Amino acid sequence: MNEKAVAYVLRLGDDALVAAQRMAALATWAPQLEEDVALANIALDLLGQARALLTYAGELEGQGRDEDLLAYRRDEHEFTSALLVEQPDTDFAATMVKLLFFSAYQRLLYEELSAGDDETLAAIAAKSVKEVAYHLSHACAWTVRLGDGTEESKRRMQTAVDELWPYTHELFASDSVWRGYGFDPAGLRERWLGIVEPVLAEATLERPVDDWAPTGGRDGLHTEHFGYLVGEMQSLHRAHEGVSW
Amino acid sequence: MNEKAVAYVLRLGDDALVAAQRMAALATWAPQLEEDVALANIALDLLGQARALLTYAGELEGQGRDEDLLAYRRDEHEFTSALLVEQPDTDFAATMVKLLFFSAYQRLLYEELSAGDDETLAAIAAKSVKEVAYHLSHACAWTVRLGDGTEESKRRMQTAVDELWPYTHELFASDSVWRGYGFDPAGLRERWLGIVEPVLAEATLERPVDDWAPTGGRDGLHTEHFGYLVGEMQSLHRAHEGVSW
Amino acid sequence: MTDLEQHFEDTIAADHRIEPRDWVPEGYRKTMVRQIAQHAHSEIIGMQPEGAWITRAPSLRRKAILLAKVQDEAGHGLYLYSAAETLGADRGELTEMLISGRQKYSSIFNYPTLTFADVGVIGWLVDGAAICNQVPLCRSSFGPYARAMIRICKEESFHQRQGYELLLTLMRGTQAQRDMVQDAVNRWWWPSLMMFGPPDEASPNTAQSMAWKIKRHTNDELRQRFVDMSVPQAEKLGVTFPDPLLKWNDERQHYDFGPIDWDELKRVISGNGPCNEERIANRRRAHEDGEWVREAAIAHAAKKAAVV
Amino acid sequence: MTDLEQHFEDTIAADHRIEPRDWVPEGYRKTMVRQIAQHAHSEIIGMQPEGAWITRAPSLRRKAILLAKVQDEAGHGLYLYSAAETLGADRGELTEMLISGRQKYSSIFNYPTLTFADVGVIGWLVDGAAICNQVPLCRSSFGPYARAMIRICKEESFHQRQGYELLLTLMRGTQAQRDMVQDAVNRWWWPSLMMFGPPDEASPNTAQSMAWKIKRHTNDELRQRFVDMSVPQAEKLGVTFPDPLLKWNDERQHYDFGPIDWDELKRVISGNGPCNEERIANRRRAHEDGEWVREAAIAHAAKKAAVV
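Chains as they are written, first to last, in our numbering: chain A, 1 to 245; chain B, 1 to 245; chain C, 1 to 308; chain D, 1 to 308.
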């Protein structure tokens with residue numbers, strides 16, 4: 001078993017899973033029906049990525065864990081998703097800013113991985129990069145629309161940008177797992193800024209200063225929100241031991 | 001095993017448990033510090049009642065289930081609490097109206113049970129009746145204060161009364177379990193109205209007409225809120241099989 | 001009869017479709033708008049009972065299936081509101097009618113989804129009943145509605161098969177899972193039968209609707225078809241329906257079934273179902289929470305238009 | 001020096017207590033109010049990290065213990081605000097200072113409680129550190145504060161024993177439970193050491209506070225006492241502290257320990273701890289949600305007074 005490969009792929013899978021779980025929870029809550037369809041679509045894409053990645057991580061691990069054992073039978077501290085994706089959707093602004101930051105990251109990382117040596121991972125990444133390109137363009141459009149909309153929408157967007165910005169640093173924090181397999185996202189920060197900064201500028205939003213940079217997610221140390229997310233996600237599965245659904 | 005006794009005591013225990021779980025979730029959210037202390041106190045009383053009652057139900061059952069197995073290892077449809085106690089605390093008005101309705105019911109029922117033939121149950125009831133008398137007087141005081149306070153508080157209280165009133169009918173709906181053991185609360189409705197109606201009147205609140213009367217809780221058919229409540233309550237316990245805490 | 005009226009009558013008589021550009025009698029327009037709007041509302045409200053299980057779905061595959069289904073329902077709502085708009089209705093006004101309780105939606109969605117088996121039973125019975133109702137509507141005299149129904153029915157059939165497949169899986173599982181299915185069937189059977197509406201003798205508008213070819217079968221005909229279709233499916237699944245009077249009538253070549261509690265239907269329709277208030281309140285809250293977003297989108301579009 | 005000043009100085013010198021009716025220098029009053037208010041705020045904010053586990057406590061006994069503890073903290077907040085009020089402070093204003101971020105609370109509560117073991121470790125280490133800090137405050141020169149501290153210390157000791165007992169139970173449990181404890185200890189050890197405040201050389205107010213006898217020991221003295229007390233407890237428990245430099249110094253008759261990351265403390269105090277925003281936002285929301293209740297209570301009381 002290539003432990004570093006497992007850890008690497010799990011991070012990608014957990015990111016997608018947690019982002020999907022958050023987005024899926026918004027079903028029926030979008031500000032308009034078209035957006036209900038769009039958000040569900042994005043959640044489905046992310047869920048599909050999570051399933052492919054977790055399945056592959058389980059295969060690499062070779063301990064017989066499939067996507068469901070990995071999603072439903074790990075404890076909170078075993079999930080290595082970034083803190084960004086578990087942040088709550090306090091309003092539609094938070095949802096869109098999170099999607100902007102995360103999909104820009106995913107797009108760059110998947111692009112690199114689609115050209116990588118690991119063929120399975122490359123195939124998953126190649127399929128996913130198209131999906132996240134759509135997520136990104138959707139998030140960009142809303143960011144501009146809401147940043148440069150009304151006074152209230154601008155205020156909400158700026159608040160979301162300010163609150164979520166600190167969590168973006170972790171996406172690019174290198175460590176032995178990132179360096180040990182695939183492509184190290186540490187090198188993507190500049191290109192990521194190259195995507196995000198112009199969107200914020202067009203949206204007449206201020207790009208926050210780089211200051212506080214909380215980490216921990218990659219080592220299983222999450223925020224207090226995460227326990228509730230995992231608890232809810234796993235509640236029914238855990239209530240019935242070893243059955244099929 | 002006296003099945004009817006088990007079912008009877010479980011209902012009482014589940015009522016107290018679910019009410020305690022709801023009330024305990026409000027810790028740190030009360031409108032003033034004194035009320036944080038009071039609500040925690042009430043939640044502790046209810047939790048104590050639940051523990052005594054569930055322990056006793058487990059003993060009557062004789063299958064080795066203790067308070068924790070009954071609280072943490074049953075599925076939603078096995079809980080026989082009334083629908084009233086699982087209703088969400090949408091605001092402080094809902095909390096107080098729920099407490100008014102429920103504690104008046106508990107007070108009357110515990111009073112009867114404290115004079116009953118089952119000595120264990122009588123002892124639990126005798127201890128509890130003093131506690132719920134305090135809960136009731138607390139709820140009465142707030143009901144009057146908020147019903148006859150500001151326009152907004154009156155509106156909120158009347159909304160809570162209107163929304164929760166239908167669920168009070170179930171408390172007095174007789175069936176074979178209630179008739180089969182202890183004291184049948186069906187006979188308490190008039191006395192319950194004798195407590196509640198004057199409080200509503202003093203609070204300048206309208207007593208709703210008797211119309212819709214949802215039931216189901218006593219047979220394990222709950223509202224959609226209940227799954228979340230049970231899922232959250234059991235999440236940590238279920239994540240670790242057969243360990244001590 | 002004017003030329004316009006004559007053209008309308010001829011179109012109906014020839015089984016051709018009425019299109020948005022065609023003149024229609026005011027009664028036809030009103031009936032059609034109401035029917036389509038109620039159908040759209042039902043799709044939107046119908047997202048809630050199942051949507052509540054998305055975050056808790058017990059496998060990732062089931063989560064994906066459920067999410068896709070709820071997404072389809074949003075899509076159905078969209079087509080249907082669009083179809084209503086071709087008759088001059090305004091989507092904002094229809095939404096207002098929904099969240100103020102002035103327009104109804106299918107009262108089946110006022111029942112709670114208590115376990116994950118409910119998701120399967122809704123697919124099987126509720127979508128099944130919807131399909132019985134809707135297949136004839138693919139031949140509705142109003143073109144946009146008929147075309148929307150063709151697409152919707154195709155997707156609903158898919159949902160129904162998925163629901164039934166979930167139930168088959170659960171019935172092959174543990175006793176707890178089988179109990180869950182039977183319990184869900186017990187709760188959803190009678191409400192499903194009520195989905196076809198009041199009995200024919202208490203359904204005064206049916207005649208006009210059938211004359212206009214916006215309805216092709218009576219409520220009781222459709223209900224009987226649904227019962228006849230469902231009983232063998234239940235047998236295959238290994239569940240029973242909670243009706244002691246349900247049995248094959250060799251003479252009628254149909255299943256007989258017990259009397260429906262029409263008082264319950266009335267009670268639920270008039271607002272006293274288990275979840276009426278919640279469903280509407282959730283919808284209202286989502287609408288209100290989204291207000292600043294919709295306003296900002298309009299403001300932004302106006303700015304862009306001004307620049308150009 | 002005026003008579004009033006002389007009386008104040010004499011009271012302090014004689015180790016007697018200052019009471020609310022006594023004249024005090026403005027500096028003493030201000031320092032005391034700030035100290036008591038920050039302590040009260042810490043109790044209130046401190047309800048949150050543990051309070052979050054009440055609904056998920058894994059046994060009913062632990063649920064009751066935790067709920068009682070959180071209740072005690074609300075009670076402590078109450079006494080302390082009352083003590084501050086005897087110095088002319090207004091509780092409403094103090095609350096305003098807290099939720100606007102102008103007054104601080106113990107920065108330990110800006111760390112998250114990630115597992116149920118955190119509940120035990122908070123009891124053991126955080127309450128333990130609080131007790132080290134607070135026992136000398138039972139002899140504070142300000143009477144109402146000293147008396148509040150006596151009661152609070154008694155309850156805190158009880159909480160500490162309960163926390164330690166929870167950890168003993170977990171350490172006797174499964175490997176997963178033991179890992180949970182060690183992980184929690186790893187996360188809480190350094191923040192607990194920071195609870196004693198900056199090192200003495202960077203603590204300019206200590207001298208005045210000690211002269212006024214509202215502080216009895218320096219930060220570093222108390223920190224050392226806490227370390228010396230905790231190491232044997234950790235050994236008994238079977239956990240280690242995440243400090244490779246921690247070891248007994250026979251000469252000093254104390255444990256040596258590694259350097260503290262004072263930058264982290266500054267960062268967390270200045271607002272960039274993991275949970276600062278959330279803690280304040282939750283408090284603010286609770287306060288705002290309760291506004292209509294407090295207003296109504298006042299309005300009702302006014303009506304009653306008018307009638308009499």
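C-beta: ideal position from N, C-alpha, C; glycine also. Just so we're clear, the structure is a prediction, and the values are computed from it rather than from any experiment.
- Here T28/A is near D36/A, since their CB atoms are less than 8 angstroms apart.
- Listed by position along chain A, the residues whose Cβ is nearer than 8 angstroms to that of T113/D are E224.
- Note that the C-beta distance between D127/D and Q160/D is below 8 angstroms.
- When secondary structure is reduced to three states using DSSP, I18/C falls in the strand class.
- K247/D: member of the beta strand (DSSP E) spanning K247 to N249, first to last residue.
- As summarised for the segment 133-206 of chain C, the continuous alpha helix (DSSP H) elements at least 4 residues long and confined to that stretch are 143-171 and 175-194, given in chain order.
- By the neighbour-count definition (other C-beta atoms within 10 Å, threshold 16), N205/C is an exposed residue.
- The alpha-carbon of F8/C is positioned some 12 angstroms away from that of A211/C.
- A residue is called buried once 16 or more other Cβ atoms fall within 10 Å of its Cβ, and P112/D is buried on that count.
- Taking C-beta separations shorter than 6 angstroms and ignoring five residues to either side along the sequence, the partners of A52/A in its chain run I124, following chain order.
- If you keep only unbroken beta strand (DSSP E) runs of at least 3 residues inside the segment 16-65 of chain D, you get nothing at all.
- Between R216/D and R139/D, the beta carbon gap of about 6 angstroms places them in contact (Cβ cut-off 8 angstroms).
- Only buried fits S81/B, as 16 or more other CB atoms lie within 10 angstroms of its CB.
- Among the residues of chain C, those whose CB is under 7 angstroms from the CB of L221/B are L114, following chain order.
- The three-state secondary structure of H237/B, taken from DSSP, is helix.
- The C-alpha of F226/A lies about 10 angstroms from the C-alpha of V85/A.
- If you check the CB distance, L54/A and G13/A come in under 8 angstroms.
- Taken through DSSP and simplified to helix, strand or coil, H217/D comes out as coil.
- Using beta-carbon distances, Q32/B counts as an interface residue toward chain D, with a partner under 8 angstroms.
- Within 10 angstroms of the beta-carbon of H16/D lie fewer than 16 other beta-carbons, which makes it exposed.
- DSSP places H254/C in the uninterrupted beta strand (DSSP E) bounded by H254 to D256.
- Take the alpha-carbon of V119/C and the one of A7/B: they are about 29 angstroms apart.
- Buried is the label assigned to D148/A, since at least 16 other Cβ atoms lie within 10 Å of its Cβ.
- D243/C: not part of any alpha helix (DSSP H); DSSP gives it neither H nor E.
- Within chain A, not a single residue places a beta-carbon under 8 angstroms from that of G273/C; the smallest gap is close to 18 angstroms.
- Inter-residue distance for V161/A and L39/A is about 19 angstroms (C-alpha atoms, whole angstroms).
- Apart from the 5 residues on each side of it in sequence, A20/A sits with its Cβ closer than 7 angstroms to the Cβ of A43, L46, L47 and A50 in its chain, given in chain order.
- Contact note: E295/C reaches chain A through T150, using a C-beta cutoff of 7 angstroms and chain order.
- Taken atom to atom, the span from the alpha-carbon of I214/D to that of D3/D is near 22 angstroms.
- As the crow flies, the alpha-carbon of I12/C is around 29 angstroms from that of G75/C.
- Contacts between E232/B and chain A, judged by CB atoms closer than 9 angstroms, involve Y228, G231, E232 and S235 in chain order.
- For E112/A, the three-state secondary structure derived from DSSP is helix.
- Around the C-beta of R179/A, fewer than 16 other C-beta atoms lie within 10 Å, and the residue is accordingly described as exposed.
- For the segment 178-210 of chain D, the set of positions with a beta-carbon nearer than 9 angstroms to some beta-carbon of chain A reads D179, M180, D183 and R187 in chain order.
- Here S106/C has S42 as same chain residues with Cβ atoms under 6 angstroms from its own Cβ, once five neighbours each way along the sequence are excluded.
- About 30 angstroms separates the beta carbons of L98/C and S230/C, which is beyond the 8 angstroms limit, so they are not a contact pair.
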